[in-house]
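Contents: one structure, followed by commentary.
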Amino acid sequence: MSGGMAAPWRATVLTLYPQMFPGPLGLSLAGEALTRGTWALDLKNIRDHGLGRHRAVDDTPAGGGPGMVLRCDVLAAALDAAVLADDPRPKLLMSPRGQPLTQARVRAFAAGSGVVVVCGRFEGVDERVIEARRLMEVSVGDYVLSGGEIPAMTLLDACVRLLPGVMGQNASGAEESFEGGLLEYPHYTRPREWEGRTIPEVLLSGDHAAIRAWRRAEAERLTRERRLDLMANYPRWSGDGE
Ligand code: SAH
C-alpha cells in the first residue's frame, strides 16, 4: 500500500474569523486538492479562548494610543490548545513587520509537513507571545491590511499549488516568475492574429532550442526593465556564470 495515503500537508489557522475560510481556497486547484485530501485545513477560533462572559480577546495598548491589542494570554492559550509541543511545523504570525513572503520561503514551507498560521487583527499582537511561542512574522507586502486572514490565504495558496499533484502538467512550476530568479516571459495563444497583432514568429517555428533562448532573453529583458532588484540575485547578471 503506497501512494495516496500519505498524511496531508496540514495548515492550522488561528483567527477571529474562521468563517472567512476556506473562502477562495475552497475553489479551483486549492479546493480540489482540499477535497482530495492532499492538504488539510484546521480552523481555530481565537475567541474560544477569550476571557469572561464576553470572551474578550483584546485590550487597550500599554502606553496609550489608538486601537486595541490582541492579548498574549488569550493567543497563547489558543496556540497551546491547537499545537502540541512536538509539532514540527513552523508557527507563523502574519504581520507587516515580518520577513517578506518569497517564492523561496513558500517552497520551504510547502516542502515541510504544513504550517501553523496566526492571523492578527486590531493594532496587532502583544509582543510577549511572539517571543514566548517563537512566532515567525511573515509579511505579504509593504502595505497594511485590516487582518491576517487574507495574508494567510495568500501564503496557503502559494504553498498548496506546489504540493505534489496539485498543478498537474506544470508539476514543478520551474519556469514561473521568481523560480529561476527572473520574472516570467510573455505568453501567447490562439488566435494567431488579433487586432493586427501577431504572435512572435519564433514561437510558431517548432524550433525548441530557439524558443527556449527567446523565452530566456525575454525573461531577462522584463526583469531588467521592471525589477532590477531581482537581477542582483541572478547568476548570469552578477557574472557567476550558469
Ligand atoms: N499596527 C500594525 C498593523 C496591524 S494590521 C502595524 O503597523 O504593523 C492588523 C493585522 O493584519 C496584523 O496584525 C496582521 O496580522 C495583518 N496584516 C496587515 N498587513 C499585513 C501584511 N502586509 N502582511 C501580513 N499580515 C498583515
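If you read the sequence shown in numbering that gives the first Met the number 0, its first letter stands for residue 0, the second for the next number, and so on. Positions of the beta carbon are idealized from the N, C-alpha and C atoms, including for glycine.
In terms of residue numbering, what span does the beta strand (DSSP E) encompassing residue i cover?
i	result
residue 94	90-99
residue 41	38-44
residue 115	113-118
residue 9	8-14
residue 136	135-138
By alpha-carbon positions, which one of the options ends up nearest to residue i?
i	options	result
residue 40	54, 49 and 10	10
residue 201	79, 186 and 193	186
residue 94	53, 60 and 149	149
residue 101	124, 140 and 85	140
residue 218	204, 134 and 175	175
residue 124	57, 180 and 23	57
residue 55	234, 73 and 153	73
residue 234	188, 205 and 178	178
residue 226	181, 199 and 206	181
residue 213	198, 184, 193 and 197	184
residue 99	79, 59, 61 and 142	142
residue 135	160, 104 and 164	104
Look at the Cβ atom of residue i, then the Cβ atom of residue j, and state whether they are nearer than 8 Å.
i	j	result
residue 89	residue 68	no
residue 119	residue 92	yes
residue 223	residue 230	yes
residue 37	residue 162	yes
residue 48	residue 76	yes
residue 82	residue 12	no
residue 33	residue 166	no
residue 152	residue 24	yes
residue 138	residue 96	yes
residue 127	residue 71	yes
residue 20	residue 66	no
residue 209	residue 158	no
residue 8	residue 112	yes
residue 17	residue 44	yes
Would you give the residue range spanned by the alpha helix (DSSP H) that residue i belongs to?
i	result
residue 222	207-225
residue 56	Here residue 56 belongs to no alpha helix (DSSP H), and DSSP marks it neither H nor E.
residue 183	Note, residue 183: premise wrong, no alpha helix (DSSP H); not H, not E.
residue 87	Counting along the chain, residue 87 falls outside any alpha helix (DSSP H), and DSSP gives it neither H nor E.
residue 32	27-35
residue 103	102-110
residue 159	148-159
For residue i, which residues does DSSP report across the bridge?
i	result
residue 69	57 and 124
residue 192	197
residue 50	55
Residue i: beta carbon under 7 Å from a heavy atom of the ligand ADP?
i	result
residue 150	Inclusion of the ligand ADP in the displayed structure is not the case, the ligand content consisting of the ligand SAH alone.
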